[in-house]
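Enquirer:
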Amino acid sequence: MSGTTVATRRAPAVRPPASRRPGRRNRRLLYWVATHAIAIALAIMFLAPLIFMFLTAVMSSNETLGGGLWPKSWHWGNFGTALTTDHGVMLHWLLHTLIYAVLGTVFMLMSSVPVAYALARFRFRGRKLAFVLVITTMMLPPQVTIVPMYIMWARFHLTGTLWPLIIPLMFGDAFSIFLLRQFLVTIPKEYADAARVDGCGEFRTMMRVILPMARPAIAAVALFQFFYAWNDYFGPLIYTKPDSWTLAVGLSTFRAAHHVEWNLTMAATLLTVLPVIVVFFLAQRVFIQGVTLTGVKG
Numbered sequence: 001m002s003g004t005t006v007a008t009r010r011a012p013a014v015r016p017p018a019s020r021r022p023g024r025r026n027r028r029l030l031y032w033v034a035t036h037a038i039a040i041a042l043a044i045m046f047l048a049p050l051i052f053m054f055l056t057a058v059m060s061s062n063e064t065l066g067g068g069l070w071p072k073s074w075h076w077g078n079f080g081t082a083l084t085t086d087h088g089v090m091l092h093w094l095l096h097t098l099i100y101a102v103l104g105t106v107f108m109l110m111s112s113v114p115v116a117y118a119l120a121r122f123r124f125r126g127r128k129l130a131f132v133l134v135i136t137t138m139m140l141p142p143q144v145t146i147v148p149m150y151i152m153w154a155r156f157h158l159t160g161t162l163w164p165l166i167i168p169l170m171f172g173d174a175f176s177i178f179l180l181r182q183f184l185v186t187i188p189k190e191y192a193d194a195a196r197v198d199g200c201g202e203f204r205t206m207m208r209v210i211l212p213m214a215r216p217a218i219a220a221v222a223l224f225q226f227f228y229a230w231n232d233y234f235g236p237l238i239y240t241k242p243d244s245w246t247l248a249v250g251l252s253t254f255r256a257a258h259h260v261e262w263n264l265t266m267a268a269t270l271l272t273v274l275p276v277i278v279v280f281f282l283a284q285r286v287f288i289q290g291v292t293l294t295g296v297k298g
């Protein structure tokens, strides 16, 4: 047997596993931190208020006045106290907010989707002018039209309720129509032509062929509307009364009534934002996909 053959059959050197090589592992960790430094900094910046809110919510009332950042004892009962204080008025605000957000989102989709479909798929005289008018309404701030709108709803005897906030969504939302139209024009016409050849009418083509393909964009505008209604402060402040307040308006009075008890205030605030965070994380993938496809960044 030659010397070359012996050298090729020599047993390979035993190397320690990767977990036993701290130098290499630390270099990988440092490289990962360096390549994600901006993302880490942004994550800390956005998470810091939520962490501070949570830590304050589980403190005792005296600890919140002491200026400490970490609770000495964890008071989980503050969340129950925030929900049941003032005879559970926060649960009523939560119910009103859910009615406003869910009904408003459903009505917005039922009215905006057909309008966006018509502007994107049909060819008729005045189509471009109608689209320009839709975009123009987006440029009007609500403060400009609030006085005549309030007078109109007062004459209908609907002020003091949630209907002035929900009924306008039955007639479409300009921002949602714009986003949906921008997505629908990107779907090739051949899909609709093939459906018509198979005998589908226009309504069936829209419901069975086009709208399933536009599901990410529809989900994105639905989440936009839900988040807007959940956080809306201006509309409920103008039109509703204390017995029909939403969380956004009611929370401001909660803070004024319990300004010394910051733990209860932070517990109520955390309970207010928690449903939005849960909905976002459950629909995060389809939301980002819809935002990307419609060309809206942030």
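For the sequence shown, position 66 matches number 66 in the UniProt record's numbering, and the numbering has no gaps at all. For each residue, glycine too, the CB sits at the ideal point set by N, CA and C.
Span of the alpha helix (DSSP H) holding residue 121?
Expert: Segment 77 to 121, the alpha helix (DSSP H) holding residue 121.
Enquirer: Need the endpoints of the alpha helix (DSSP H) that residue 148 sits in, please.
Expert: Note, residue 148: alpha helix (DSSP H), 142 to 155.
Enquirer: Should the region 102 to 109 be regarded as contacting the region 223 to 239, the criterion being three or more beta carbon pairs within less than 8 Å?
Expert: The region 102 to 109 is in contact with the region 223 to 239.
Enquirer: Using the C-alpha atoms, what's the distance from residue 116 back to residue 197?
Expert: Cα to Cα, residue 197 sits roughly 23 Å from residue 116.
Enquirer: Per DSSP, what kind of secondary structure is residue 269 in: helix, strand or coil?
Expert: The answer is helix: DSSP assigns residue 269 an H, G or I state.
Enquirer: Mapping the DSSP letters down to three states, classify residue 159 as helix, strand or coil.
Expert: In the structure shown, residue 159 sits in coil (DSSP, three-state: anything other than H, G, I, E or B).
Enquirer: For residue 240, which beta-bridge partners are listed by DSSP?
Expert: Bridge partners of residue 240: 160.
Enquirer: Less than 8 Å between the beta carbons of residue 93 and residue 250, yes or no?
Expert: Cβ atoms of residue 93 and residue 250: closer than 8 Å.
Enquirer: Counting only the same chain and skipping the five closest in sequence on each side, list residues whose C-beta sits under 8 Å from that of residue 276.
Expert: Closer than 8 Å at Cβ, skipping near neighbours: 227, 230 and 231.
Enquirer: If distances are taken between C-alpha atoms only, which option among 43, 55 and 113 comes closest to residue 207?
Expert: The option with the nearest alpha carbon to residue 207 is 113.
Enquirer: Along the chain, where does the alpha helix (DSSP H) that runs through residue 173 open and close?
Expert: From DSSP, residue 173 is part of no alpha helix (DSSP H); its letter is neither H nor E.
Enquirer: Determine contact between the region 181 to 189 and the region 142 to 160, defined as no fewer than three beta-carbon pairs at a distance below 8 Å.
Expert: Touching, no.
Enquirer: Residue 133: buried (16+ other C-beta within 10 angstroms of its C-beta) or exposed?
Expert: Classification of residue 133: exposed, given that the 10 Å Cβ count is below 16.
Enquirer: Can you tell which of 217, 167, 171 and 194 has its C-alpha closest to the C-alpha of residue 285?
Expert: Closest option to residue 285, Cα to Cα, is 217.
Enquirer: Quick check: the Cα distance between residue 2 and residue 24, rounded to an integer number of angstroms?
Expert: The predicted model places residue 2 with a pLDDT of 46, which falls under 50 and marks its position as unreliable, so this point remains unresolved.
Enquirer: At the level of alpha carbons, what is the spacing between residue 362 and residue 238?
Expert: A question about residue 362 goes unanswered here, because the residues of the chain that appear run from 1 up to 298.
Enquirer: Can you tell which of 164, 64 and 82 has its C-alpha closest to the C-alpha of residue 244?
Expert: When each option's Cα is compared against that of residue 244, the closest is 164.
Enquirer: Got a sec? Which residues, its chain only, sit under 6 Å from residue 235 by beta carbon, not counting five neighbours each side?
Expert: Here the set comprises 165.
Enquirer: Please classify residue 221 as buried or exposed, where buried requires at least 16 neighbouring CB atoms within 10 angstroms.
Expert: It is buried - the Cβ of residue 221 has at least 16 other Cβ atoms within 10 Å.
Enquirer: Along the chain, where does the alpha helix (DSSP H) that runs through residue 51 open and close?
Expert: Residues 37 to 57.
Enquirer: Only counting the same chain, and skipping five residues up and downstream in sequence, which positions put a Cβ closer than 6 Å to that of residue 31?
Expert: Cβ neighbours of residue 31 beyond the five flanking positions: none.
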